[in-house]
Every structure is written in C-alpha cells, then in structure tokens.
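Scroll down for the structure; my scribbles are underneath it.
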Amino acid sequence: MAFFDKASPALKEILLKLYRAEKPLEIDHQIYEFGSLQYHIQASASEPHHVYLSVSTSLQSPGVSTTDGLQNCTLQSLRRLYSDAIELIEPPNEGYQLTLRIKFSELTQSKGLVLLIRLRFCPTSYVCIVLTCYDFCLCLICSDECVKIITDISSLQAMMVSSQLKEMLWNFGSQDTSYGMHKPIKLIYHPGEPFYVIRLAQKITVIFPMRFKENSDVIIATTLFQELMDLGCLRKFAKAPPCTWSPIPPPELRGEPLEDLSTNGGFVSFDIFSRHIDGRGSKLDKTVWNLLNFYTYVKQHVKCTRGFIQRRMRKKVENLSEILQKAMLTGGEHIQKTHKGHRFRKKLISRSTSKMLRGKCAIFFNKIRSRIKIQGFEKFRRKWLRVPKFYSLRRYTKLD
7 MAFFDKASPA LKEILLKLYR AEKPLEIDHQ IYEFGSLQYH IQASASEPHH
57 VYLSVSTSLQ SPGVSTTDGL QNCTLQSLRR LYSDAIELIE PPNEGYQLTL
107 RIKFSELTQS KGLVLLIRLR FCPTSYVCIV LTCYDFCLCL ICSDECVKII
157 TDISSLQAMM VSSQLKEMLW NFGSQDTSYG MHKPIKLIYH PGEPFYVIRL
207 AQKITVIFPM RFKENSDVII ATTLFQELMD LGCLRKFAKA PPCTWSPIPP
257 PELRGEPLED LSTNGGFVSF DIFSRHIDGR GSKLDKTVWN LLNFYTYVKQ
307 HVKCTRGFIQ RRMRKKVENL SEILQKAMLT GGEHIQKTHK GHRFRKKLIS
357 RSTSKMLRGK CAIFFNKIRS RIKIQGFEKF RRKWLRVPKF YSLRRYTKLD
C-alpha cells in the first residue's frame, strides 16, 4: 500500500535490464502506476545507445504556470539534474507531457570496466589474474554511479509532482487575495486524495481532508492526529511544523465545493514556516516529499495498528484456549478423603468433548424423569385422594 520510494520499481528494473544487456533489445512497453501515472518505454536495435521514455501524469493544479502541459520549474530541474544522461524531446509524444531520450553512451565507462573484469577474471579457468585495488574500486564507484543515475531517472514522477508543489509554495504572487491571504490551491497527488495549500502572511498552511471507509480506521486515525497535536506542544519537537486537527472544515477553506469538505475523519493542518523551506536544497525537498506522502503515512499507520491489534487479540485467544483445553482434557491424580478417613486415589481419564456433553445431557434427563417431590403433597393425597375400600360379599364376621 505504501508508496514511500521515489523511484518506480518497474521502470528502474526495465532500464537496468536495457543497460546491462549484452545485445541491443527491442522494447515497446507501457507501465501504469500509482497516481494515474503512465510510462512508455521504447528501445530499438537501430539505436542501441538510446532509450526513449515518455511520461504522463494527472496535473490537477490550476493556476500554476505551465509550458506545454508541464511546469517551468520541472523543465528546469530536468535540465539541471540530468543534462548529461538525458535529452528533452520537444514537442513530446502525443498523449504524454514529457518525452526523454536517455543516452546510455554516457554511461559506458562503468560497463567497460565490468567487461574488463570479466576478461581478466574468468571463473571457469584455474588461473586468475589478480586485479589491482585501483581497478576494482573504480569499477564499484562507476557501477554505483550508473545505478544512481538510473534510479534518479526512475524518480521522474516524484520530481514532477514535487516541482509542482514547490512552484506553488514559491509563486503565489499571481493569486487573488482576500482578507490578507491567498486563495486555496487544490493539489491531487493521488486520485481521491486532494489537499489544499494556502499562503498566509507569515506561514504556509497545508490542509488535508481525511476520509476513511471503516469506522475503526477513523478511530485509529483520529487518535494519531491527537497524539501529533500533543507531541507538537513538547519542547523536544518545537522545530517541527505544528499540527492541528479539527472535525469541521477550517475557515481557510470557506467557499470550497461541498463534496471536497464532506469527510468522516476531519481535517489535518500543518503550518509551514520559512525555517522549514529555507533554500531549495534538501530541507525543502524533504518537507515537500513528507507533505505529498502524508496520506500514505496515515494509511500505513492505520494498517499496521489494525494488524497489531488483531495479532494481540489472536494471541490472547490462543492462550485462553490452551488453558481451557488443558483444564478439560488433560488428566491427573487427585487424592480425596472418604467419610471413614480412608484415602484412595482417583485417576481422571481424559475424555473427548462430545462424550462429556452426552454424559451431562443424560444426567439432566434423568433428573427430569425422576419423581418430583412437593412438600405437603403427600398429606393432601392421603386425605383427599384416598382410594375407597371395597368389602367382599363373602366376608366372615368373627363371633365372640
């Protein structure tokens, strides 16, 4: 369920397969992934050192400046980060917002070192030439660097959405303002899970409407939100963005569509100050990525909590069942005293549950069949239900 890894596993696997292949491969493959995301990978034997990658994702943020369906900051980030390994194709392929040409020829140095090792170290031969430490370390460094570049290329979707949120965090000047604040901007990272970004005078507020399918999930999630609020009051977490949970829509969302404000889990708000997004380095990237994955964190917490509760309940039931089974089925020797003071040993024979139930039922029915004694009924019977005596006609009378 969770989607914490920025790189697409399927895309990374295909790119590594193409890069490590000994012979050029023919590939025309489409991948559909998280967040209405679509990849189209094309590779041909006529261009063995080039792979074409097209990306399409749902961009649901009206009001952000775009160029040919993609944000300017996204294009700038692509050119800055991947200027050596990839090339932007303009215009992109039809139906896609971005098309890249990945140049594997720029990554052949590490591949050549791997081939050098294969030539100098043959596992089928008894004679092996010892490699120098320099060659071996250089091969490891280049191979890791190649995997890192391919991993970064596989993280295009995360970078596109992160750039989209960064653009909104830094460029709210063109939005209409009312009551000293900017109009809320709706962003959808995953279908059905929108959140809002509002630029205020001294801070940026990010509001998440929370929706859950099960009532038990609502209880677990609201408990988490209240704990986050309590932790924010501690001095240890004073530098973290303050968290606020409310069962009703906050005033900042006044005027938004009713269907977006209808929730069963309330609204969670985070206040982002300048210290959380200073510069465009790792601090900003970490803040943006945590905000984009807040829904995923909550779902993962709910899932883990439910699993933990179920395991604890199952363990307790098993322990109680084991105790009852031992008490009912296991046998032992017990010493009992008779009225005369003698002692005898009685061995309890373990019996099955069905036999025990049959014995109890037999005792119960025997009690029903036995005569019911009512106090005073015998006297009543002798007086009123007495059987009359009949004398015989041939009765003899004793003579005095």
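Residue numbers for the sequence shown follow our numbering, beginning at 7 and rising by one. Yeah, the Cβ is synthetic: ideal placement off N, Cα and C, and Gly gets one too.
Kindly indicate which residue of the options has the alpha-carbon position closest to the one of residue i.
i: A16; options: I47, M216, C249 and P30; result: I47
i: Q170; options: H56, R312, K12 and L298; result: L298
i: Q44; options: S60, I33, R26 and A27; result: S60
i: K305; options: T157, R320 and E199; result: E199
i: D90; options: K309, C152, R318 and I369; result: C152
i: A244; options: T269, L234, L326 and W251; result: L234
i: L94; options: S111, E112 and Y58; result: Y58
i: E173; options: D158, T157 and L193; result: L193
i: T250; options: P54, K242 and D236; result: D236
i: G313; options: I226, K242 and K361; result: I226
i: V294; options: K361, M165 and I37; result: M165
i: Y38; options: I156, K29, T157 and Q163; result: Q163
i: L24; options: Q36, G101 and F110; result: F110
i: E28; options: H35, Q36, D34 and P54; result: P54
i: P197; options: A368, K242 and T302; result: T302
i: T157; options: K12, N372, R320 and E328; result: K12
i: K292; options: G238, A246, K321 and E328; result: A246
i: T311; options: E100, V224 and L290; result: V224
i: T269; options: Q232, E220, S280 and Q331; result: E220
Using DSSP's beta-bridge definition, name the partner residues of residue i.
i: H46; result: Q36 and S60
i: L94; result: L106
i: S275; result: I213 and T250
i: H196; result: E199
i: I226; result: None, per the DSSP bridge assignment.
i: R205; result: I210
i: I191; result: V203
How would you label residue i, buried or exposed, when you count the other beta carbons within 10 angstroms and need 16 or more for buried?
i: L21; result: buried
i: I315; result: exposed
i: K352; result: Any answer about K352 is weak, because its pLDDT of 44 lies below 50 and its placement is not dependable; what the coordinates show is given next. Exposed, since its Cβ has fewer than 16 Cβ neighbours within 10 Å.
i: L326; result: exposed
i: Y195; result: buried
i: E19; result: exposed
i: V323; result: exposed
i: Q208; result: exposed
i: L206; result: exposed
i: D182; result: Confidence is the limiting factor: at D182 the pLDDT is only 48, short of 50, which leaves the residue's position unreliable, though a coordinate-based value still follows. Its Cβ having fewer than 16 others within 10 Å, D182 is exposed.
i: S71; result: Only weak support exists for where S71 lies, its pLDDT of 45 falling under 50; the value from the coordinates is given anyway. Burial call: exposed.
i: T63; result: buried
i: P190; result: buried
i: E112; result: exposed
i: R26; result: exposed
i: G271; result: buried
i: I278; result: buried
i: D284; result: exposed
i: Y202; result: buried
i: H348; result: Annotation note: pLDDT 45 at H348 (below 50); position unreliable, no value reported.
i: S168; result: buried
i: E258; result: buried
i: D34; result: exposed
i: C210; result: A small fix is needed here, since residue 210 is Ile in this sequence, not Cys. Per the 10 Å Cβ criterion, buried.
i: I155; result: buried
i: I355; result: The predicted model places I355 with a pLDDT of 45, which falls under 50 and marks its position as unreliable; any figure quoted below should be read in that light. I355 should be labelled exposed.
i: M362; result: exposed
i: M334; result: exposed
i: M216; result: buried
i: I329; result: exposed
i: I204; result: buried
i: I369; result: exposed
i: L106; result: buried
To the nearest whole angstrom, what separates the beta carbons of residue i and residue j, a pair I think is in contact under 8 Å?
i: V212; j: S161; result: V212 to S161, Cβ: 22 Å. No contact.
i: I108; j: H56; result: 7 Å
i: P255; j: L267; result: 5 Å
i: S50; j: E32; result: 6 Å
i: F214; j: F300; result: 6 Å
i: L104; j: P98; result: 6 Å
i: L230; j: H282; result: Not quite, the Cβ-Cβ distance comes to about 21 Å (not below 8 Å), so this is no contact.
i: S252; j: F273; result: 5 Å
Mind checking if residue i is an interface residue toward chain D, Cβ cutoff 8 Å exclusive?
i: Q331; result: Any reference to chain D falls outside this structure, which holds one protein chain only.
**Q.** Completely contained beta strand (DSSP E) runs for the stretch 263-333, where each covers 3 or more residues
**A.** 273-278
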